[in-house]
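In the working numbering, the protein residues as written are 1497 to 1649. Everything below concerns the one structure shown next.
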Amino acid sequence: MSPHPIRLVLLLASACVVAVATAAPPTEGGCRPQVREGWVRLGPAGMPMMAGFARIENACTRPVTITGADSPAFEGAELHESSLVDGVSRMRPVPELRIAPGDAAVLEPGGKHLMLMRPRAPLDAGSAVVVTFRLADGGEVWGEFEVRKPGAR
Ligand SMILES: [Cu+2]
1497 MSPHPIRLVL LLASACVVAV ATAAPPTEGG CRPQVREGWV RLGPAGMPMM
1547 AGFARIENAC TRPVTITGAD SPAFEGAELH ESSLVDGVSR MRPVPELRIA
1597 PGDAAVLEPG GKHLMLMRPR APLDAGSAVV VTFRLADGGE VWGEFEVRKP
1647 GAR
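Here's what the structure looks like:
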């Protein structure tokens, strides 16, 4: 005796639903982007601000939005973007940074970067600082940033 064809289709369909349900991680809401390759470029001696760079990778299935940054090593941290205006390099604040699923935000010299202001203690090349990024959903992610000499690229 073989199953009625319609009954067989229904069985297959319900098997698919179960497979999809078990493939999705139960803690998808807890997926967080990853901060990689972070580094900070020291400014000339006495400069009260320096720039930070990193890749922020979103391997989650939903977009994430970064709304700000903080660092225990600095009194202030902001997201900025550099651009050339009439041949002059200018910076403007970036109020939020949206990262699509499977994409990465790249903070790099000449582009988007972290502006780290007023270090709480002098920083030496070769040391590391922590930077925390605030997310629009209320969460946060952090990364370690290696401190490099002025002129590092
Ligand atoms: Cu800046």
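We put the beta carbon where it would ideally sit given N, CA and C, even for glycine. Since we're looking at a predicted model, the values are computed, not measured.
The beta carbon of Thr1557 lies closer than 6 Å to those of Pro1597 in the same chain, with the five residues before and after it left out. Using a 10 angstroms sphere on the CB of Gly1534, the tally of other CB atoms reaches 16 or more, which defines it as buried. Ala1569 places its beta carbon 9 Å or farther from that of Leu1538. The set of residues with any CB-heavy atom separation to ligand 1 below 5 Å comprises, in chain order, His1576, Met1587 and Met1611.
Across the set Asp1582, Ser1567, Pro1605 and Leu1593, the C-alpha of Leu1593 shows the shortest separation from the C-alpha of Pro1529.
Within the same chain, Cβ atoms closer than 6 Å to the Cβ of Ala1547 are found at Arg1537 and His1609, the five residues on either side in sequence being excluded. For the 9 Å CB-CB criterion, Val1643 and Ala1621 form a contact.
Counting along the chain, Gly1548 sits inside the beta strand (DSSP E) bounded by residues Met1545 to Glu1553.
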